[in-house]
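Below is one structure, written out as structure tokens, with a few remarks after it.
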Amino acid sequence: MVSVTLDQVTKRFDRVVAVDRVSLEISEGEFFFLLGPSGCGKTTLLRMIAGFYEPEGGRVLFGDRDVTNVPPNERNTGMVFQNYALWPHMSVQKNVEYGLSMRSVNREEMDKRVYRALEMVQMTPYADRSPNQLSGGQQQRVALARALVIEPDVILMDEPLSNLDARLRLEMRQQILDLQREIGKTMIYVTHDQKEALAMSHRMAVMNSGHVVQVGTARELYQNPQSQFLADFIGEINLIAGTVSAVGEETSVDTKLGVINGRPARDGLQKGDKVFCAVRPEGLSFVEGEPPPGDNTVTGDVRNVVYLGEVEQYVIDLADETPLRVVEYDPVNPKAKRGDTVRLQFSPSKVVILSDEGDVRAETV
Ligand code: ATP
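For the sequence shown, counting from 1, position 1 maps to 297 in this note's numbering; every step adds exactly one.
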């Protein structure tokens, strides 16, 4: 089990900077996610950790050991790919033992380790089958066993569940989580699926255009986004534009809808700064009677209502034509219907004030 440190790692492909000066500290035994939209550089970063790509700049460390120029087979990492990458002409047993046969492990030891790895992923009964006699989920479990069998210091996973159907994906999520808890190894997992990252990670780095935008636990990132990109990428968000009118315990923002109070995403906001007030759909509720003193309120017309069983979703057109998304949980009756004029309340604690400076990029985290 080792920690992984990335220090100002950069990778270019011709003119594309796929990964731009990324620094990260991943602890021993941590289940760490690289999350971001397609093309943001997460696979390239993972491949540099594995050793498949050499960075143009920066360093990769496993514990205290600088592995930047160490070939992949000398890093002791196990890799799991989206497409499983199993040998079709070999049995499950042979696929799993392949990595060991390259390492001159004796027969007895090999059998013991293959059995143990297959047992960890509940695939021992399938040892003699060929991969094309297995379901997608079973193939991915074999791929996992193949990564585990070499007893790696770090396990790297690149979108391992993307080829599975929705139900199986949920099942495999749980199995990978259980496995990570059981073996306690450092695991780095690439995905573009924010739900996967929210549900499984200890911490994650959210990437955009080759940069790390923000690092934290699911809760930290969801509740304290520091940029518009992040607020929008993880969960749903409403953004109301305005200008800071007062800074203090609460920050006040003048908007076309009136003053909105909230808490700034980071220190240093000043009067006159252009900002966005960010509020999640579940942070808003319909005013019934008088709103609590100090709460923000806005008024608008209901454009759309969708009943989804456990939630009811509303889209409300505000006076400045910003569409506001509102979610009510456990809805018994609708709170409003299309065309109604409604008033909504939301506590300042639910409002994060974000600088209007495009994307906030954290170079060192
Ligand atoms: P996805 O989720 O779609 O796999 P990603 O976040 O993993 O995306 P990367 O595959 O790391 O993104 O790619 C980052 C950028 O580098 C993209 O612009 C991509 O086109 C470019 N890129 C990646 N690999 C190569 C390569 N071998 N040659 C040239 N450009 C590449």
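Just so it is clear, CB atoms sit at the ideal spot from N, CA and C, and this is done for glycine as well. This structure is a prediction, so every number in the text was calculated from the model and none was measured.
{"Asked": "Measure the Cβ-Cβ separation of R442 and V401 and say whether it is below 8 Å.", "Found": "no"}
{"Asked": "Using 10 angstroms around the beta-carbon of D626, count the other beta-carbons present and answer buried if the total reaches 16, otherwise exposed.", "Found": "exposed"}
{"Asked": "What does the Cβ neighbour count give for K481, buried or exposed, with the cut at 16 atoms within 10 Å?", "Found": "buried"}
{"Asked": "Use the C-beta contact count for H385: other C-beta atoms within 10 angstroms, 16 or more gives buried, fewer gives exposed.", "Found": "exposed"}
{"Asked": "How far does the alpha helix (DSSP H) with M406 in it reach, from first residue to last?", "Found": "403 to 416"}
{"Asked": "I'd like the ranges of any alpha helix (DSSP H) spanning at least 4 consecutive residues and lying wholly in the stretch 328 to 361.", "Found": "338 to 346"}
{"Asked": "Would you mind working out which of A615, I533, E608, G590 sits nearest G596, comparing C-alpha positions?", "Found": "A615"}
{"Asked": "I want to know whether the stretch 366 to 374 touches the stretch 435 to 453 - three or more CB-CB distances under 8 Å.", "Found": "yes"}
{"Asked": "Classify V656 as helix, strand or coil using the three-state DSSP reduction.", "Found": "Note that V656 scores a pLDDT of 44, beneath 50, so its modelled location is shaky and nothing firm can be said."}
{"Asked": "Let me make sure I understand the geometry here. Which of V628, P644, R599 has the alpha-carbon closest to that of V622?", "Found": "R599"}
{"Asked": "Hey, could you find the ends of the alpha helix (DSSP H) K491 is sitting in?", "Found": "490 to 496"}
{"Asked": "Alpha carbons only, please: which of V438, S497, Q490, Q470 is nearest the one belonging to G325?", "Found": "S497"}
{"Asked": "For N365, does the count of other Cβ atoms within 10 angstroms reach 16, so buried, or fall short, so exposed?", "Found": "exposed"}
{"Asked": "Looking at the strands, I want to know which residues DSSP matches up with L320.", "Found": "L302"}
{"Asked": "Considering only residues of the same chain and omitting the five flanking positions on each side of G512, which have a CB-CB separation below 8 Å?", "Found": "R499, M500, N520"}
{"Asked": "Counting only the same chain and skipping the five closest in sequence on each side, list residues whose C-beta sits under 8 Å from that of S334.", "Found": "H488"}
{"Asked": "Run through DSSP, which three-state label would E467 get?", "Found": "helix"}
{"Asked": "Excluding sequence positions up to five away, which residues of its chain have a Cβ less than 8 Å from the Cβ of T306?", "Found": "V313, V315, D316, R317, V318, P351, E352, G353, G354"}
{"Asked": "Between G332 and the ligand ATP, is there a pair consisting of the residue's CB and a ligand heavy atom that are separated by less than 7 Å?", "Found": "yes"}
{"Asked": "Between V363 and I484, is the Cβ-Cβ spacing less than 8 Å?", "Found": "no"}
{"Asked": "Alpha carbons only, please: which of R465, L473, K390 is nearest the one belonging to M416?", "Found": "L473"}
{"Asked": "Measuring alpha carbon to alpha carbon, tell me which residue in R477, V509, A462, Q476 is nearest L491.", "Found": "Per the sequence shown, residue 491 should be read as Lys rather than Leu. Among R477, V509, A462, Q476, the Cα nearest to that of K491 is on A462."}
{"Asked": "Is V509 near the ligand ATP - that is, is its Cβ less than 7 Å away from at least one heavy atom of it?", "Found": "no"}
{"Asked": "How would you label Y610, buried or exposed, when you count the other beta carbons within 10 angstroms and need 16 or more for buried?", "Found": "buried"}
{"Asked": "My output table needs one value for R442: the three-state DSSP class, helix, strand or coil.", "Found": "helix"}
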